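> This structure is in structure tokens; I'll ask about it shortly.
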Amino acid sequence: MRAAGKGGAHISGAEGLYTGRELLQAVNECAERALAHTRGAPESVVITLEKLSTKPLLLKALPVSTLKCGSPGEADEIAGRVLLGLGVSGSAVSAALKVLRADEAMRGAAIIDAKTGKRLEPDRHRGVRTSRMGISKGARTALSKRLAPLGLNTSTVREALVLATKVAFARGVVAELCISDDPGYTTGYIASKSSGYQRIPRIKHRGSLHGGRAVFVKGSTNIPGLIDYLQERPVMVTGVSGVIRKVVKS
Ligand code: AMP
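For the sequence shown, position 155 (counting from the first letter as 1) is numbered 1314 according to the numbering used here, and the numbering increases by one without interruption.
Structural data, given as structure tokens:
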């Protein structure tokens, strides 16, 4: 689903993989979400349905944890430190934060060389949208049970975790950094195959419209191959990782 405001400005988007019977309900939920978004009332809502031509790759969701963070300034410092530990240079983090903290949010993600900080996506205005990912009914129920006691069982967390899991398993990806563009949602995340999905509370001030995603990759990454995987390869999360921690650490 894509909802846009005046002049085509991005309001909200959502993706999913569904079987026949779940489809109508999903379409309904997408429409409801588009029409009641905190970024404003849309001028257009486009819901596209496509039949998959290949079987989805089955993945287990990344484990979830929450880092201790008190302010956007601290979040930048934490992002720098945590990402450095994952092999992302300071200049690459700065390049990402410039995109994620810009006034106008991109529709997709920036692809950034983890060492040099160079932007690698062909369309720097749009970025690369990760698509064709979903979660099975069983995994969704299991995930909801694990997230609920932590107060994290929301569609925002579940969907971001599914997207982050798909991205983390792409060949060449080192890590991902995300700030939501939703003015009412101030928690961002860092995700990687090795560190899991690490939430960063208070990464932006409430009411702020900026946000975005940066995918850090090794210099040797086949970029067309990565873009093809992110946009086209169906991925279904069918399992939940053993550890879902409330642990708050810095
Ligand atoms: P959201 O988490 O939906 O608030 O999105 C935050 C930002 O991430 C957006 O402003 C976009 O720049 C980017 N984004 C949203 N959805 C996707 C997606 N499916 N693939 C890549 N980037 C996305």
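Even glycine gets a Cβ: it sits at the ideal position worked out from N, Cα and C.
Quick caveat, the model's predicted, so the values are computed rather than measured.
(1) Would you mind stating whether residue 1326 and residue 1218 have Cβ atoms separated by less than 8 Å?
(2) Which one of 1359, 1344, 1334 and 1340 has the shortest CA to CA distance from residue 1351?
(3) Can you tell me whether residue 1359 is helix, strand or coil according to DSSP?
(4) Let me confirm a value: residue 1280 is counted as buried when at least 16 other C-beta atoms fall within 10 Å, else exposed. Which label applies?
(5) Please report the straight-line C-alpha distance between residue 1206 and residue 1190, rounded to a whole angstrom.
(6) How far does the beta strand (DSSP E) with residue 1335 in it extend, from its first residue to its last?
(7) Residues in the same chain with beta-carbon distance under 8 Å from residue 1290, minus the five sequence neighbours each way, listed in chain order, please.
(8) I'd like to confirm something about residue 1228: is its beta-carbon nearer than 7 Å to some heavy atom of ligand 1, or not?
(9) Mind the definition here: the region 1260-1269 touches the region 1371-1385 only if three or more C-beta pairs lie below 8 Å; say whether that holds.
(10) State buried or exposed for residue 1387, treating a residue as buried only when at least 16 other CB atoms are found within 10 Å of its CB.
(11) Round the Cβ separation of residue 1201 and residue 1163 to the nearest angstrom and send it over; I've been treating them as touching at under 8 Å.
(12) On the criterion of 16 or more Cβ atoms from any shown chain inside 10 Å, does residue 1308 qualify as buried, or is it exposed?
(13) Going by the DSSP bridge assignment, what does residue 1272 pair with across the sheet?
(14) Specify the secondary structure class of residue 1286 as computed by DSSP and reduced to three states.
(15) Quick test of your reading: residue 1237 and residue 1245, contact by CB under 8 Å. State the CB separation rounded to the nearest angstrom.
(16) Go ahead and label residue 1357 buried or exposed: buried means 16 or more other beta carbons lie within 10 angstroms of its beta carbon, across all protein chains shown.
(17) Can you name the start and end residues of the beta strand (DSSP E) that residue 1163 belongs to?
This is what the structure gives:
(1) The count along the sequence shown starts at 1 and reaches residue 1326 at position 167. The count along the sequence shown starts at 1 and reaches residue 1218 at position 59. No, these two residues do not count as a Cβ contact at 8 Å.
(2) Residue numbering aside, residue 1351 sits at position 192 when the sequence shown is read from its first letter. Nearest C-alpha to residue 1351: 1334.
(3) Indexing the sequence shown from 1 puts residue 1359 at position 200. If DSSP states are grouped into helix, strand and coil, residue 1359 belongs with the strands.
(4) On the sequence shown, position 121 is the one that residue 1280 refers to. Counting Cβ neighbours within 10 Å, residue 1280 comes out buried, since at least 16 surround it.
(5) Residue 1206 sits at position 47 when you count from the first residue of the sequence shown. Residue 1190 sits at position 31 when you count from the first residue of the sequence shown. Roughly 8 Å between the two C-alpha positions.
(6) The residue given as residue 1335 occupies position 176 in the sequence shown. It spans 1332-1338 - the beta strand (DSSP E) in which residue 1335 sits, taken as one unbroken run.
(7) Your numbering for residue 1290 matches position 131 in the sequence shown. 1174, 1389, 1390 and 1391, listed in sequence order.
(8) Taking the first residue of the sequence shown as position 1, residue 1228 is located at position 69. Answer for residue 1228: no, Cβ out of range of ligand 1.
(9) yes
(10) In the sequence shown, counting from the first residue as 1, residue 1387 sits at position 228. By the 10 Å Cβ count, residue 1387 comes out exposed.
(11) For the purposes of this step, residue 1201 is taken as residue 42 along the sequence shown, with counting starting at 1. For the purposes of this step, residue 1163 is taken as residue 4 along the sequence shown, with counting starting at 1. Rounded, the Cβ-Cβ distance is 6 Å, consistent with contact.
(12) Along the sequence shown, read from residue 1 onward, the residue named residue 1308 stands at position 149. Exposed: under 16 other Cβ atoms inside 10 Å.
(13) Against the sequence shown, residue 1272 aligns to sequence position 113. 1376.
(14) As a working mapping, residue 1286 is identified with position 127 in the sequence shown. Looking at residue 1286 - three-state DSSP - the assignment turns out to be coil, as it is neither helix nor strand.
(15) Walking along the sequence shown from the start, residue 1237 turns up at place 78. Walking along the sequence shown from the start, residue 1245 turns up at place 86. Contact doesn't hold; Cβ gap of about 12 Å is too wide.
(16) Residue numbering aside, residue 1357 sits at position 198 when the sequence shown is read from its first letter. Looking at its Cβ environment, which holds 16 or more other Cβ atoms inside 10 Å, residue 1357 is buried.
(17) Taking the sequence shown and counting its residues from 1, the one referred to as residue 1163 is at position 4. Unbroken beta strand (DSSP E) run through residue 1163: 1161-1163.
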